[in-house]
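Written out below as structure tokens is the structure these notes cover.
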Amino acid sequence: MNPPPSLGYLIVFNPLWTILALIILCLNGGLTFLRINSVGGDGNGGGGGVPSSHDVITNGALFQPAGGPLPNPPPQTVLDARSKRWEDELDEYCRFPSFVNNDYTYFRIRKGTHMMEYSDDLRKGHFRSVLSDTRVKNGKRLERDQKLHNSTGRKSISFLHLGKAGGSSLVCNIMPKHSAHCEGGKKRTLVPSAISKMTNCYVHYDNDMHCYDNPTLAINIRNPIDRMASWYHYEHLDNLQELWGDSIRTCGQHMLFKCYSSFHDLAEYGLAGTRPPPTQLLRVEYNASEEICRHWAWASIQGTASASHHNVWNYDWYGSPALAFQREIIVFRTEHSEEDWRRIDRMLGGPGNLPENMHLNDASGKNIAVYNKTVTELGRLNLCRALCQEIQIYKMLLSAAVNLNEKDVQISLRELNCPGDLHPEPRKCPESYIDYFVEKEKDNRS
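The sequence shown begins at 53 in my numbering and counts up by one.
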């Protein structure tokens with residue numbers, strides 16, 4: 053009797069056995085491995101084993117949340133505290149802001165479920181959509197300002213004020229008339245410097261790009277993770293009375309801070325796994341589920357939903373056009389503000405003297421209820437992952453800055469300490485971590 057044919061022989065020469073082998077591979081997870089390599093990317097054009105938008109790497113193993121539990125769920129104590137926060141919620145309204153005009157959409161939180169639309173025809177005052185449209189409509193103003201600034205006959209600098217990155221202290225020493233945060237208010241006496249003499253355009257909460265025409269753009273930057281920690285505490289519901297006074301809260305603030313009352317919880321649980329699918333609408337809902345909370349966490353951190361505003365005015369919003377226009381770029385790093393000020397002032401022909409007070413608006417000295425930036429190693433890695441696109445623009449700004457050298461760039465990247473981003477070369481972020489709306493908008497801007 054002849055021996056039975058080998059499995060390899062059967063797979064190659066018998067189509068029925070081939071089908072059976074593929075079924076076995078599916079049951080054992082082999083097809084999942086193939087899908088990861090075909091969908092993901094390592095930034096070099098290859099597969100690289102990056103998870104698709106439906107897969108999560110957790111504790112070194114592949115986790116598929118569809119139809120199963122979410123990765124790294126919050127402990128019961130966190131869930132109980134969240135339920136208590138919702139129980140204490142008054143019958144209030146929140147607004148989903150456009151910020152450019154009065155086209156606000158108001159929602160009654162305890163009444164029904166309200167959906168935040170991404171589509172062009174049903175934006176519901178979607179923050180970034182309205183801003184993008186406004187930038188396009190202000191093209192004539194951009195041309196007018198360009199003629200005005202170029203007629204001065206001297207080096208002109210625009211200061212792009214990125215929120216929660218030490219910009220308020222800088223503007224008080226460059227163009228104090230534009231800020232109410234300065235000592236003495238907008239009438240603060242300015243100590244002249246080479247920087248202040250050459251800066252003739254300032255923008256904060258920009259919606260028309262009217263300062264990008266100058267040949268030199270100065271922008272304040274900060275470790276992206278530290279910037280988000282500062283934003284979180286500045287916009288926190290429990291800190292509003294001290295920092296903002298009475299004001300109508302945005303729906304993003306209600307949802308995000310009711311879901312995650314500490315920066316630790318936002319990073320540890322809110323950003324666990326991958327971003328919800330872009331086809332899933334944001335929901336304003338009383339006593340929201342963990343799935344809804346995580347959607348708000350990702351949308352807020354990536355700047356696609358306002359909670360309240362500084363998360364939306366991010367590196368992508370300011371830095372991408374600055375890099376695309378190929379202007380000369382100067383950066384003030386929050387972590388090295390005094391060193392950078394001295395060097396920039398000398399570069400521009402000044403003596404390099406520091407202003408009397410470089411830290412006029414330091415929030416750490418204010419009496420706020422919630423202020424703890426501590427996160428675990430897992431939380432930090434989650435932030436690195438969710439902020440991948442922001443980090444790439446941060447790296448490009450560091451590399452493009454004429455006032456920094458190679459050593460300066462390396463120091464800032466070591467301080468950030470995100471795996472995969474310890475070198476200045478930008479890399480491609482996994483598609484499942486980038487919100488589709490930001491990418492679409494970027495294509496329109498370019």
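Cβ coordinates follow ideal geometry from the N, Cα and C atoms, glycine included.
Values in this document were obtained by computation on a predicted structure and should not be read as measured data.
Exercise for the section: Please look up how many angstroms separate the CB atoms of PHE264 and PHE211, rounded, as I've assumed it's under 8 Å. Expected result: One point to set straight first is that residue 264 is Tyr, not Phe, in the sequence displayed. The pair is not a contact, with the Cβ atoms about 12 Å apart (cut-off 8 Å).
Practice task
For the beta strand (DSSP E) containing ILE277, list its first residue and its last residue.
Solution key: ILE277: not part of any beta strand (DSSP E); member of the alpha helix (DSSP H) spanning 276 to 287, first to last residue.
Problem - Beta-carbon gap between LEU222 and SER389 smaller than 9 Å - result: In this structure, SER389 lies closer than 9 Å to LEU222 by Cβ.
Problem - Alpha-carbon spacing of LEU334 relative to CYS303, whole angstroms - result: Rounded to the nearest angstrom, the two C-alpha atoms are 10 Å apart.
Problem - GLU380 - partner residues in DSSP beta bridges - result: DSSP, once it has assigned bridges, lists THR268 as partnering GLU380.
Practice task
Could you tell me whether the stretch 281 to 297 touches the stretch 312 to 320, where touching means 3 or more Cβ pairs closer than 8 Å?
Solution key: Enough Cβ pairs lie closer than 8 Å, so yes.
Practice task
Look at LYS216 and MET280 and say whether their C-beta atoms are less than 9 Å apart.
Solution key: Yes, the pair counts as a contact, with Cβ atoms nearer than the cut-off.
Exercise for the section: Sort out for me which residues DSSP pairs VAL255 with in a bridge. Expected result: According to DSSP, VAL255 bridges with LEU212.
Handout entry: Cross-strand partners of ILE273 (DSSP beta bridge)
Key = For ILE273, which the question treats as bridged, DSSP gives the partners ARG385.
Exercise for the section: Quick one: grab the DSSP three-state call for ARG479. Expected result: ARG479 falls in the coil class under three-state DSSP.
Problem - Counted within 10 angstroms of its Cβ, other Cβ atoms place PRO328 as buried (16 or more) or exposed - result: Buried is the call here.
Exercise for the section: Take VAL243 and list the residues in its own chain whose beta-carbon comes closer than 8 Å to its own, dropping the five residues that flank it on each side. Expected result: The residues are ASN225, PRO407 and GLU408.
Practice task
State the Cα-Cα distance for the pair ARG134 and PRO125, rounded to the nearest angstrom.
Solution key: Approximately 13 Å, taken between the alpha carbons.
Problem - Contact the stretch 369 to 388 vs the stretch 268 to 280: 3+ CB pairs below 8 Å - result: Cβ pair count under 8 Å is three or more, so yes.
Handout entry: Rounded separation between ALA453 and TRP393 - CA only
Key = ALA453 and TRP393 have their alpha carbons spaced roughly 13 Å apart.
Handout entry: Helix, strand or coil at TYR312 according to DSSP, with G and I counted as helix
Key = Coil.
Exercise for the section: Could you name each continuous alpha helix (DSSP H) segment of 4 residues or more that falls completely within the stretch 402 to 444, going from the start of the chain to the end? Expected result: Correct list: 429 to 438.
Handout entry: Inter-residue CB distance, ALA359 and LEU308 (contact presumed, cutoff 8 Å)
Key = Between LEU308 and ALA359 the Cβ distance is about 5 Å, and since that is below 8 Å, they are a contact.
Practice task
Let me know the secondary structure DSSP gives LEU334 once reduced to three states.
Solution key: LEU334 falls in the strand class under three-state DSSP.
Problem - ASN424 versus CYS146: straight-line alpha-carbon distance, rounded - result: Between ASN424 and CYS146, the C-alpha separation is close to 26 Å.
Problem - Same chain, Cβ closer than 6 Å to CYS481, neighbours up to 5 away in sequence not counted - result: CYS440 and GLN441.
Handout entry: chain D within 9 Å of LEU289, Cβ atoms only
Key = Among the protein chains of the structure shown there is no chain D, as only one such chain exists.
Exercise for the section: Return the Cβ separation of SER352 and ASN363 in integer angstroms, given the expectation that the two are a contact with Cβ distance under 8 Å. Expected result: Contact flag correct, Cβ pair sits at about 5 Å.
Exercise for the section: Could you check which residue in GLU320, ALA246, GLN293 and SER220 has the C-alpha nearest to that of ILE273? Expected result: For ILE273, the nearest C-alpha among the options comes from SER220.
Exercise for the section: Look up ALA246 in the DSSP assignment and say whether it is helix, strand or coil. Expected result: Helix at ALA246.
Exercise for the section: Give the straight-line distance between the Cα atoms of ARG479 and LYS136, rounded to the nearest whole angstrom. Expected result: Distance between the alpha carbons of ARG479 and LYS136 is about 42 Å.
Problem - Cβ-based neighbour list, SER451, same chain, cut-off 7 Å, excluding 5 preceding and 5 following - result: In the same chain as SER451, and ignoring 5 residues on each side of it, the C-beta atoms closer than 7 Å to its own belong to VAL461 and PRO476, in chain order.
Practice task
Grab me the residues of LEU283's own chain with a C-beta within less than 6 Å of its C-beta, minus the 5 sequence neighbours each way, in chain order.
Solution key: Per the sequence shown, the amino acid found at residue 283 is Trp instead of Leu. The answer, listed in chain order, is LYS216, HIS362 and ASN363.
Handout entry: Where the alpha helix (DSSP H) through CYS224 begins and ends
Key = For CYS224, the enclosing alpha helix (DSSP H) starts and ends at 219 to 226.
Practice task
Below 8 Å on the Cβ atoms is my guess for PRO123 versus ALA324; work out the distance and round it to an integer in Å.
Solution key: Confirmed, about 5 Å.
Practice task
Look up GLU453 in the DSSP assignment and give the residues it is bridged to.
Solution key: Checking the sequence, you will find Ala at residue 453 rather than Glu. ALA453 pairs with ILE381.
Problem - ARG44, DSSP secondary structure in three states - result: This structure does not reach residue 44, given that the chain is present from 53 up to 498, and the question cannot be answered.
Problem - Assumed close pair ILE247, ASP397 - CB separation to whole angstroms, cut-off 8 Å - result: 6 Å between Cβ atoms; contact.
Practice task
Assuming GLU294 contacts ILE420 (C-beta within less than 8 Å), just tell me the rounded distance between them.
Solution key: Contact holds; Cβ gap of about 5 Å.
Handout entry: Close Cβ partners of LYS418 (< 8 Å) along its chain, the five nearest in sequence each way excluded
Key = Exclusion of the five residues before and after LYS418 leaves GLU294 and LEU295 as the residues of its chain whose Cβ lies within less than 8 Å of its Cβ.
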